[in-house]
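Participant: Please see the structure below; I have some questions.
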Amino acid sequence: HVTKNYPLAHYIHCSSHSLNLAISDACNIQSIRNCTGTIQKVCVFFKYPKRNNVLTESISSICPSSNVKRLKLLCPTRWVDRHDSILVFIDLFDAIIDSLTKVCSWFDKDSSSGAYQLLCSIKQPEFILATFVLAKVFGISLPLSKHLQTKNIDLIDAIENADSVRCIIESIRKNAESEFKSIFDEVKTKCDALNIEISLPRRTNVQKNRCNVQETSPEDYYRISLFIPFVYSFINELNERFLSHKTMLKNFTCLLPSSNGKFEEDNIKQLIEMYQDDLDCGKLAAIGEIKTWQQKIVQSQVFPKNALEALKKCNEMIFPSTFKLLQILATLPVTIANSERSFSTLKRLKTYLRNTTCENRLNGLALLNIYREIILKPEDVLNK
Numbered sequence: 001h002v003t004k005n006y007p008l009a010h011y012i013h014c015s016s017h018s019l020n021l022a023i024s025d026a027c028n029i030q031s032i033r034n035c036t037g038t039i040q041k042v043c044v045f046f047k048y049p050k051r052n053n054v055l056t057e058s059i060s061s062i063c064p065s066s067n068v069k070r071l072k073l074l075c076p077t078r079w080v081d082r083h084d085s086i087l088v089f090i091d092l093f094d095a096i097i098d099s100l101t102k103v104c105s106w107f108d109k110d111s112s113s114g115a116y117q118l119l120c121s122i123k124q125p126e127f128i129l130a131t132f133v134l135a136k137v138f139g140i141s142l143p144l145s146k147h148l149q150t151k152n153i154d155l156i157d158a159i160e161n162a163d164s165v166r167c168i169i170e171s172i173r174k175n176a177e178s179e180f181k182s183i184f185d186e187v188k189t190k191c192d193a194l195n196i197e198i199s200l201p202r203r204t205n206v207q208k209n210r211c212n213v214q215e216t217s218p219e220d221y222y223r224i225s226l227f228i229p230f231v232y233s234f235i236n237e238l239n240e241r242f243l244s245h246k247t248m249l250k251n252f253t254c255l256l257p258s259s260n261g262k263f264e265e266d267n268i269k270q271l272i273e274m275y276q277d278d279l280d281c282g283k284l285a286a287i288g289e290i291k292t293w294q295q296k297i298v299q300s301q302v303f304p305k306n307a308l309e310a311l312k313k314c315n316e317m318i319f320p321s322t323f324k325l326l327q328i329l330a331t332l333p334v335t336i337a338n339s340e341r342s343f344s345t346l347k348r349l350k351t352y353l354r355n356t357t358c359e360n361r362l363n364g365l366a367l368l369n370i371y372r373e374i375i376l377k378p379e380d381v382l383n384k
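Going left to right, the sequence shown walks through residues 1 to 384 as the UniProt record's numbering numbers them.
Here it is as structure tokens:
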């Protein structure tokens with residue numbers, strides 16, 4: 001409805017949510033899905049004080065140098081934040097096995113049976129391999145997630161960082177044998193220390209519910225059935241989720257010249273035609289102005305990285321059309337992280353004790369809480 005009445009009000013999906021959906025869909029691989037579910041069950045199992053005391057004792061005796069003393073629950077919605085949970089689980093893996101073994105001997109049937117089931121699950125080679133694969137890929141996507149939640153980020157910067165992550169994952173996919181070999185060797189060392197044998201799962205001639213790769217080596221089998229499908233799915237999801245963002249930005253790239261000095265005049269024409277009503281000059285004048293702006297940047301050899309940097313360098317008196325287009329680019333929404341932070345702030349401010357707070361007072365409290373770096377003088381408040 002909004003786009004119908006205002007054609008230039010383009011819908012742009014939240015980049016943070018797009019990344020979250022990409023990771024979530026990539027984790028639908030059966031082995032990965034089972035792995036995250038098992039880790040969550042282990043974390044919930046040790047949430048109770050009596051069981052957690054056993055885990056704490058095991059950590060103190062087996063992992064005394066570890067700074068982490070308890071497991072971290074997997075976030076149910078923000079998939080990329082599961083990276084910390086998985087890393088903690090890997091660091092405390094030996095202590096977890098030791099504590100589950102102790103709980104198995106308890107007289108409490110609920111605790112002992114639950115511990116035995118979890119112990120059997122996490123000692124499976126497929127589970128351990130899936131955990132290490134998740135840690136590797138999430139370690140690459142975590143900086144992007146943090147970057148997408150920062151302030152003063154523009155859409156071009158966000159897409160460039162997403163492309164960097166995609167290129168790294170594609171490089172891992174191309175070198176799947178060597179990349180997985182390093183993971184497999186690390187897992188094999190871990191399994192040898194715990195007397196766990198990495199073997200092929202049982203296979204049949206007709207397999208419907210899981211991968212039935214005809215390989216004789218466990219390393220080859222898990223590389224083909226687990227590692228490659230997960231990495232390939234992650235790449236496809238990134239491409240699909242950020243495709244609409246790239247299409248939107250295709251024409252705006254002419255406003256941020258690069259060092260190679262290659263400009264597409266078609267992009268300039270399409271951009272001017274799209275925002276012709278917002279410009280104060282004709283089409284030919286706007287094209288000439290943008291070309292002059294590009295040449296000025298190339299001659300200065302100081303290339304702006306984003307729209308905000310370009311706005312600081314752009315003289316509005318000399319380049320009015322370019323300045324206005326850069327303003328449009330800078331205001332294109334990237335993420336709703338700041339809005340979500342505001343919602344969280346309102347939860348803390350508008351408690352049941354403040355149900356009768358008026359709108360002006362609530363707005364003032366919210367601004368004071370969110371923008372704490374702004375120092376207010378009592379005189380200014382009293383004068384107002």
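Glycine residues also receive a C-beta, built at the ideal position from the N, C-alpha and C atoms.
What did DSSP end up calling Met-317 once you bin it into helix, strand or coil?
Facilitator: In the structure shown, Met-317 sits in coil (DSSP, three-state: anything other than H, G, I, E or B).
Participant: Taking only the alpha-carbon atoms, compute the straight-line gap between Ser-145 and Thr-356 and give it to the nearest angstrom.
Facilitator: Ser-145 and Thr-356: Cα-Cα distance of roughly 38 Å.
Participant: Determine the closest residue to Ile-96 out of Pro-7, Cys-75, Cys-120, with distance taken between C-alpha atoms.
Facilitator: The candidate whose alpha carbon is nearest that of Ile-96 is Cys-120.
Participant: What did DSSP end up calling Cys-35 once you bin it into helix, strand or coil?
Facilitator: Three-state DSSP puts Cys-35 in a helix.
Participant: In chain order, which alpha helix (DSSP H) runs of at least 4 residues are fully inside the segment 249-307?
Facilitator: As far as the segment 249-307 is concerned, its whole alpha helix (DSSP H) runs of at least 4 residues are 265-274, 283-300.
Participant: Give me the Cα-Cα distance between Glu-179 and Ile-29, rounded to the nearest whole angstrom.
Facilitator: Their Cα atoms are separated by approximately 19 Å.
Participant: When you compare only the Cα positions, how much space is there between Cys-254 and Val-137?
Facilitator: If I take the Cα positions, the gap works out to 33 Å.
Participant: Given Asn-251, which residues of its chain have a CB within under 6 Å of its CB, disregarding the five upstream and five downstream residues?
Facilitator: Asn-267, Gln-270, Leu-271, listed in sequence order.
Participant: Here's the rule I'm using: 16 or more other beta-carbon atoms within 10 Å means buried, otherwise exposed. How should Phe-89 be labelled?
Facilitator: Buried, since its Cβ has 16 or more Cβ neighbours within 10 Å.
Participant: With DSSP run on the structure shown, which of helix, strand or coil describes Glu-237?
Facilitator: Here Glu-237 sits in helix by DSSP.
Participant: How would you write the range of the alpha helix (DSSP H) that Leu-155 sits in, first residue to last?
Facilitator: Counting along the chain, the alpha helix (DSSP H) containing Leu-155 begins and ends at 155-174.
Participant: First and last residue of the alpha helix (DSSP H) that includes Val-88?
Facilitator: Residues 82-91.
Participant: Which stretch, first to last residue, makes up the alpha helix (DSSP H) that contains Thr-131?
Facilitator: Counting along the chain, the alpha helix (DSSP H) containing Thr-131 begins and ends at 125-148.
Participant: Hey, Leu-238 and Arg-166 are a contact pair by Cβ (cut 8 Å); roughly how many whole angstroms apart?
Facilitator: With a Cβ gap of about 5 Å, Leu-238 and Arg-166 count as contacting.
Participant: Indicate the three-state DSSP secondary structure (helix, strand or coil) for Val-68 in the structure shown.
Facilitator: It is coil, neither helix nor strand.
Participant: Which residue wins for smallest C-alpha separation from Ser-66, given the options Ile-159, Asp-94, Ala-176, Arg-78?
Facilitator: With distances taken between Cα atoms, Ser-66 lies closest to Asp-94.
Participant: Considering Leu-118, what are the terminal residues of the alpha helix (DSSP H) in which it resides?
Facilitator: Segment 109-122, the alpha helix (DSSP H) holding Leu-118.
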